[in-house]
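Going left to right, the sequence shown walks through residues 1296 to 1446 as this note's numbering numbers them.
Every residue gets a Cβ at the ideal spot worked out from N, C-alpha and C, and that includes glycine.
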Amino acid sequence: MYRAGIWSVVLILYACLCAAGCVAHPPGAVDTDTAVVVRDVSPHEAAFLIEKNAGNADFIILDVRKPDERAQGFIAGSVNLDTRDLNFTDRLAALDRNREYLLYDTTGSRSASTMSLMEEMGFMKIYTLEGGINGWKIAGYPVVTPENGFQ
């Protein structure tokens, strides 16, 4: 009888611990501070991210095109890091992995490759612009050109 009582208490405690674990971590719960985010975004989503992060030094727009491509127009506030640069991987590895990055190129292929590389390197929040800057312009968003400022 005494053993049955002990086993009953043990089973009740076990059930409570299991239930508490389920409540503490409901399905689909994500800790946004530590969650890894790696995904493609539409031009509209990218514009929203840029607007939402205006003035945020931890949000970087990374243009991974060649300088001559960039000279034809780029997203305001973006930084150029040419994928064809011999030191590209080293320069990429030197970036802060805890910052948030929006990547783009001309059509989306080089930025997708860069996103995969950054994910392997341990970067936490990476977005790539679907359709690249071509998709951005088709959606009606502005670009900056060195010769005449905003377009």
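The DSSP-derived three-state label of Phe-1418 is coil.
Ranked by Cα distance from Ala-1330, the first of Tyr-1399, Glu-1395, Gly-1435, Glu-1425 is Glu-1395. Asn-1375 sits close to Asp-1358, with the two beta carbons spaced by under 7 Å.
Under the three-state reduction of DSSP output, Glu-1425 falls in the coil class, being neither helix nor strand.
Nearest neighbour of Ile-1356 by Cα position, chosen from Glu-1414, Arg-1392, Leu-1397, Thr-1409, turns out to be Leu-1397. Following the DSSP letters along the chain, one finds Leu-1387 inside the alpha helix (DSSP H) bounded by residues 1383 to 1388. The way I'd put it, the stretch 1414 to 1431 does touch the stretch 1329 to 1343; three or more beta-carbon pairs between them come closer than 8 Å. Scanning its chain for C-beta atoms nearer than 7 Å, with the 5 sequence neighbours on each side dropped, one finds around Tyr-1436 the residues Pro-1338, Ala-1342, in chain order. The continuous alpha helix (DSSP H) containing Ile-1345 extends over residues 1338 to 1347. For Glu-1442, there is no enclosing alpha helix (DSSP H), since its DSSP letter is neither H nor E. Leu-1387 and Asn-1429 have their alpha carbons spaced roughly 24 Å apart. Taking C-beta atoms as the reference points, Gly-1403 and Gly-1368 fail to come closer than 7 Å. Under DSSP, Ile-1356 forms a beta bridge with Leu-1397. Residue environment for Asp-1377: buried (at least 16 other C-beta atoms within 10 angstroms of its C-beta). Straight-line measurement puts the Cα of Glu-1442 at about 24 Å from the Cα of Leu-1424. Asp-1377 carries a coil assignment under DSSP once its states are collapsed to helix, strand and coil.
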